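Visitor:
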Amino acid sequence: MSPILALRLTGKLRAGRMLDVGCRDFFVSRQFSEAGYRVHGIDPKPVQPVEPPDGVTFEQTTLEAFETSEKYDLVIASLVSQFVNLSLTDFIARLSGLCQCDGLIYLTLIGDQDTWAINPAVKAVSVEDADRLVAMARLHPVFRSIQWFEGSTYDGSSKSWHVYEYLLAKSDDD
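Every position in the sequence shown, counted from 1, becomes a number in this note's numbering once 410 is added.
1) Whole angstroms are fine: how far does the CA of K455 sit from the CA of V490?
2) According to DSSP, is E461 helix, strand or coil?
3) Indicate the three-state DSSP secondary structure (helix, strand or coil) for D584 in the structure shown.
4) Does the distance between the C-beta of Y574 and the nearest non-hydrogen atom of the ligand MN fall short of 8 Å?
5) Roughly how many whole angstroms lie between the Cα atoms of L498 and Q492?
6) Answer yes or no: do D483 and G513 have a C-beta to C-beta separation smaller than 9 Å?
7) What is the DSSP secondary structure of T471, counted as helix, strand or coil?
8) Under the rule that 16 or more other beta-carbon atoms within 10 Å means buried, what is C509, buried or exposed?
9) Across which residues does DSSP place L526 in a beta bridge pair?
10) Looking at C-beta atoms only, is the number of pairs between the segment 544–553 and the segment 520–535 that lie closer than 8 Å three or more?
11) Quick check on DSSP: helix, strand or coil for V494?
12) Got a sec? Which residues, its chain only, sit under 7 Å from D584 by beta carbon, not counting five neighbours each side?
13) Is it the case that the segment 455–473 contacts the segment 514–524, given that we only count it when at least three CB pairs across the two stretches are under 8 Å?
14) Is V466 closer than 9 Å to V449 when the C-beta atoms are compared?
15) According to DSSP, what are the bridge partners of Q557?
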């Protein structure tokens, strides 16, 4: 499923300020910009040439180095957890810190049955551990799915994906 579809299915697609972590080719950023969001995309190695679509600002940086005082209504981190140099606990906390109270986070994590799961750097987890990480971050699932599919990587090679998809709410009491 895609981030925009998850928000549409849950009735949570509401224009606001959005951060797209790992925006790469601006595919997701463009969808949300067209839906009325003001999008800020970050990526350390975007697809060249870097020309963000209308309604999207871009900063070439990693999540770890990204600095802002902005809090976003929606933070999207789709298929990037394996590329971030943070533990999953710190990764989720970082996303939560960028999200405003009563905001949403769309997050994917690599599952333990993924082709890449044998590589410790990928940080593949079981569904129980993924759910525990979300609960420890005091985020509340609005939507959750587990996906298995054949797909391609950024370099175009094919692989078997096992992905946990979350749409998480950050409550103002957190």
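Think of the CB as a built atom: it goes at the ideal place given N, C-alpha and C, for glycine as much as any other residue.
Predicted model only: the values in this text are computed from it and were never measured.
Guide: So, from the listed chains and residues:
1) Walking along the sequence shown from the start, residue 490 turns up at place 80. Walking along the sequence shown from the start, residue 455 turns up at place 45. Their backbone Cα atoms lie some 12 Å apart in a straight line.
2) For this step, residue 461 is matched to residue 51 along the sequence shown. Note: E461 maps to coil in three-state DSSP.
3) The residue labelled residue 584 in the question sits at position 174 within the sequence shown. Annotation note: pLDDT 46 at D584 (below 50); position unreliable, coordinate value reported separately. D584: coil per DSSP, three-state reduction.
4) The ligand MN is absent from the structure shown, which contains no ligand whatsoever.
5) Working through the sequence shown from its first residue, we reach residue 498 at position 88. Working through the sequence shown from its first residue, we reach residue 492 at position 82. Rounded to the nearest angstrom, the two C-alpha atoms are 9 Å apart.
6) In the sequence shown, counting from the first residue as 1, residue 483 sits at position 73. In the sequence shown, counting from the first residue as 1, residue 513 sits at position 103. It is a contact, given that the beta carbons lie within the stated cut-off.
7) Taking the sequence shown and counting its residues from 1, the one referred to as residue 471 is at position 61. Three-state DSSP puts T471 in coil, outside helix and strand.
8) Counting from one through the sequence shown, the residue named residue 509 turns up at place 99. Flag for C509 reads buried.
9) As a working note, residue 526 is residue 116 in the sequence shown. The question names Leu, yet the displayed sequence has Trp at residue 526. Checking the DSSP bridge columns, you'll see W526 has no partner listed.
10) no
11) On the sequence shown, position 84 is the one that residue 494 refers to. For V494, the secondary structure class from DSSP, reduced to helix, strand or coil, is coil.
12) Residue 584 sits at position 174 when you count from the first residue of the sequence shown. Any answer about D584 is weak, because its pLDDT of 46 lies below 50 and its placement is not dependable; what the coordinates show is given next. These residues qualify, in order along the chain: R548.
13) no
14) Counted from its first residue, the sequence shown places residue 449 at position 39. Counted from its first residue, the sequence shown places residue 466 at position 56. Contact: yes.
15) Position 147 of the sequence shown, counting from 1, holds the residue named residue 557. Paired residues: V573.
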